[in-house]
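The working numbering puts the last residue of the sequence shown at 337; the count rises by one with no breaks.
Here a beta-carbon is modelled for each residue, glycine too, at the ideal position from N, C-alpha and C.
From a predicted model like this one, the values you see are computed outputs, not experimental measurements.
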Amino acid sequence: MSEICSDDLCDSKIYIAGHRGMVGSALVRRLQDEGCEQLILRTRDEVDLTNQVQVQDFMQTEQPDHVILAAARVGGINANNTYPAQFIYDNLMISANIIHAAHQAGVAKLLFLGSSCIYPRMAPQPMPEDCLLSGQLEATNEPYAIAKIAGIKLCESYNREYGTDYRSIMPTNLYGPNDNYDLKNSHVLPALIRKFHEAKIANASSVEVWGTGTVKREFLHVEDLAEASIFVLNISRDKYDAATEPMCSHINAGTGTDVTIRELAELIRDVVGFSGELKFNPEYPDGTPRKLLDVSKLSSLGWQASISLRDGITASYASYRESVG
């Protein structure tokens with residue numbers, strides 16, 4: 013594991029919003045490994061991030077030097093389709109409250125974590141940062157995407173008007189420790205791990221996979237994202253500004269490679285050790301045909317993912333088995 017924290021960052025008070033989620037908890041682990049001891053962590057019961065007054069009071073009291081905004085309401089296609097109002101409202105409020113309160117409290121540096129779903133449904137592949145707002149969004153996650161786009165534009169706007177140093181990183185599909193394995197609301201990778209494991213235990217003859225299996229997705233292990241996030245937060249401002257643009261200030265984070273859902277399912281089946289058949293159900297939506305990020309900007313700055321998909325899935329399956337006993 014390479015050292016990516018500067019002394020300035022590790023000597024600072026860092027508030028991690030969403031520290032108990034998959035991304036937030038990975039960030040906590042990585043920052044602690046780097047020797048950062050002044051981490052500010054609060055549960056939802058302690059600070060409701062959708063409540064402006066609570067967020068402002070908290071930020072004024074704690075006075076963090078840096079903020080990492082990893083808090084969000086997240087879920088897969090089914091969750092986004094079922095709860096569109098909750099997804100857009102909660103994510104808009106979280107972003108607006110934290111970014112505004114950070115500015116009011118004089119926070120020196122902020123990192124906002126978004127999502128690759130901000131890009132148009134039919135964006136060029138791989139998707140460069142400057143294709144943002146160039147076309148229609150994917151209908152199944154449009155509310156969530158709009159909230160994440162708003163977060164990017166909040167950071168840009170505060171930088172333009174107030175001279176703040178608020179940055180945005182856009183990860184591709186994530187997986188890893190503390191993932192959500194709920195079959196109705198999770199993303200495809202953890203859902204398939206659970207499906208294949210349960211089918212193996214039950215000696216089932218087949219596993220149903222939602223959709224046609226033909227769409228392509230990119231997957232980044234959350235430990236890689238934690239490293240990338242700290243790397244981006246730690247870049248000097250002149251280097252960050254030189255790599256981005258005033259109206260396109262976000263940076264993609266991914267592996268630069270993708271697989272079809274069929275290939276993903278076959279890989280997970282192999283890792284789990286399930287010998288049955290795959291049955292694809294086209295009655296479920298596929299979502300965007302392809303979502304591969306152009307990661308050349310982050311690569312040019314000096315960071316690349318290091319965890320292979322097979323290794324990441326193997327570790328995730330071991331963690332899942334441990335959690336279910």
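Give the secondary structure of residue i by DSSP, where H, G and I count as helix, E and B as strand, and everything else as coil.
i      : result
Ala48  : According to the sequence shown, residue 48 is Cys rather than Ala. If DSSP states are grouped into helix, strand and coil, Cys48 belongs with coil.
Pro202 : helix
Asn63  : coil
Leu232 : strand
Thr272 : strand
Ile325 : helix
Ala265 : strand
Lys291 : strand
Ala157 : helix
Arg302 : strand
Glu257 : strand
Ala29  : strand
Gly314 : coil
Ser24  : coil
Asp250 : helix
Glu278 : helix
Leu149 : coil
Would you say the beta carbon of residue i comes nearer than 7 angstroms to a heavy atom of the ligand NAD?
i      : result
Thr326 : Inclusion of the ligand NAD in the displayed structure is not the case, the ligand content being empty and no account of it being possible.
Give me, in chain order, the residues of the same chain whose beta-carbon lies closer than 6 angstroms to that of residue i; leave out the 5 immediate sequence neighbours on both sides.
i      : result
Gly268 : Val307
Ser261 : Glu168
Glu74  : Ile52
Pro189 : Ser331
Gln64  : Asn109
Met34  : Asn190, Asp191, Val234
Identify, in the order they occur along the chain, each residue of the same chain with its Cβ nearer than 8 angstroms to the Cβ of residue i, setting aside the five sequence neighbours on each side.
i      : result
Ser312 : Ala255
Arg42  : Glu235, Ala238, Glu239, Ile242
Can you round the beta-carbon distance between residue i and residue j to whole angstroms, since I take them to be within the 8 angstroms contact cut?
i      : j      : result
Ser180 : Gly126 : 6 angstroms
Leu39  : Asn246 : The pair is not a contact, with the Cβ atoms about 13 angstroms apart (cut-off 8 angstroms).
Phe124 : Gly225 : Wrong, their Cβ atoms sit about 33 angstroms apart, outside the cutoff.
Lys228 : Asp270 : 5 angstroms
Leu195 : Val221 : With a Cβ gap of about 12 angstroms, Leu195 and Val221 do not count as contacting.
Ser37  : Asp77  : With a Cβ gap of about 21 angstroms, Ser37 and Asp77 do not count as contacting.
Tyr187 : Pro202 : 6 angstroms
Kindly list the residues whose CB is nearer than 7 angstroms to the CB of residue i, restricted to its own chain and excluding five residues on each side of it in sequence; keep chain order.
i      : result
Asp69  : none
Asn264 : Glu141, Met182, Leu305, Asp306, Val307, Lys309, Leu310
Pro294 : Gly223, Thr224
Gln230 : Residue 230 is actually Glu in this sequence, not Gln. Cβ neighbours of Glu230 beyond the five flanking positions: Thr184, Asn185, Gly266, Thr267, Thr269, Asp270, Lys303, Leu304, Leu305.
Touch test, the region 51-61 against the region 254-267, Cβ-Cβ under 8 angstroms, three pairs minimum
Segments in contact, no.
Can you check the region 67-147 for any alpha helix (DSSP H) of at least 4 residues that lies completely inside it and give the ranges in chain order?
With a minimum length of 4 residues, the continuous alpha helix (DSSP H) runs that stay inside the region 67-147 are 89-94, 96-116.
Scan the region 165-229 and note each continuous alpha helix (DSSP H) run of 4 residues or more that stays entirely inside, going in chain order.
Taking only runs of at least 4 residues, the alpha helix (DSSP H) segments lying wholly in the region 165-229 are 200-213.
Assess contact between the region 150-163 and the region 113-122, defined as three or more Cβ pairs (one per stretch) separated by less than 8 angstroms. Is contact present?
Contact annotation: the region 150-163 does not touch the region 113-122, with fewer than three C-beta pairs closer than 8 angstroms.
Say whether the region 134-153 touches the region 74-84, bearing in mind that this needs 3 or more beta-carbon pairs closer than 8 angstroms, one atom from each stretch.
No: the two stretches stay apart, fewer than three of their Cβ pairs being nearer than 8 angstroms.
Quick check: the region 276-289 against the region 201-218, are at least 3 beta-carbon pairs closer than 8 angstroms?
At 8 angstroms Cβ cutoff, the stretches touch.
Any contact of the region 88-99 with the region 148-156, i.e. 3+ C-beta pairs under 8 angstroms?
Verdict: yes, contact present.
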